[in-house]
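**Student:** After the structure tokens below, expect a handful of questions from me.
In the numbering used here, the protein residues as written are 105 to 242.
Written as structure tokens, this is what we have:
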């Protein structure tokens with residue numbers, strides 16, 4: 105399984121993003137099934153849509169992101185979206201207390217919580233703050 109942070113999604117959608125080519129390669133590999141099921145959390149959906157509007161001042165990237173998240177392969181959604189429940193939020197709080205000083209946001213810590221709970225092998229993120237904490241791509 106592979107879970108996505110907001111940065112690679114923004115980079116994939118926006119050809120002007122400096123990480124666009126890297127994101128294209130990651131998404132191509134992921135869509136071919138090289139990393140297993142593609143996962144996104146409801147927190148990351150909120151974050152990526154908010155950031156796309158704030159950074160580009162345009163709604164077109166948000167619409168493209170929503171289309172990406174609805175993408176189907178063999179009549180099944182490519183992305184499994186996880187909605188955090190009470191236990192997941194509790195684990196997020198624990199991760200936040202451990203890693204806030206390292207520069208991780210609450211949303212970042214929700215990724216760590218989901219990785220722990222669901223035993224997710226890979227995190228796709230450009231954030232250096234995750235280095236050394238999880239198996240990260242790139």
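Where a beta carbon is used, it is the ideal one built from N, C-alpha and C, also for glycine. In this text the structure is predicted, and so the values were computed from the model without any measurement.
Ends of the beta strand (DSSP E) at residue 237?
**Tutor:** Against the chain shown, residue 237 aligns to sequence position 133. Counting along the chain, residue 237 sits inside no beta strand (DSSP E), nor does DSSP assign it H or E at all.
**Student:** Using only CA atoms, which one of 165, 136 and 240 lies nearest to residue 119?
**Tutor:** Residue mapping note: residue 119 aligns to position 15 of the chain shown, counting from 1. Selected option, being the one with the closest Cα: 165.
**Student:** On a Cα-Cα basis, can you pick out the residue from 117, 123 and 105 that is closest to residue 231?
**Tutor:** Taking the first residue of the chain shown as 1, we reach residue 231 at position 127. Cα-wise, what sits closest to residue 231 is 123.
**Student:** What are the partner residues of residue 107, as DSSP defines its beta bridges?
**Tutor:** For the purposes of this step, residue 107 is identified with residue 3 of the chain shown, where counting begins at 1. Answer by DSSP bridge pairing, in chain order: 143 and 227.
**Student:** Can you tell me whether DSSP reads residue 128 as helix, strand or coil?
**Tutor:** Along the chain shown, one-based indexing puts residue 128 at 24. Reduced to three states, the DSSP call for residue 128 is helix.
**Student:** Using C-beta distances below 6 Å, list every residue in its chain close to residue 127, excluding the 5 sequence neighbours before and after it, in chain order.
**Tutor:** For the purposes of this step, residue 127 is taken as the residue at position 23 of the chain shown. Excluding sequence neighbours, residue 127 sits near 112, 115 and 116.
**Student:** For the 8 Å Cβ check, are there 3 or more pairs between the region 134-149 and the region 183-203?
**Tutor:** yes
**Student:** Could you tell me whether the region 146-160 touches the region 211-229, using the rule of 3 or more Cβ pairs below 8 Å?
**Tutor:** Three or more Cβ pairs drawn from the region 146-160 and the region 211-229 lie within less than 8 Å of each other, which places the two stretches in contact.
**Student:** Please classify residue 180: does DSSP put it in a helix, a strand, or coil?
**Tutor:** Within the chain shown, the letter at position 76 stands for residue 180. Residue state, collapsed to three classes: strand.
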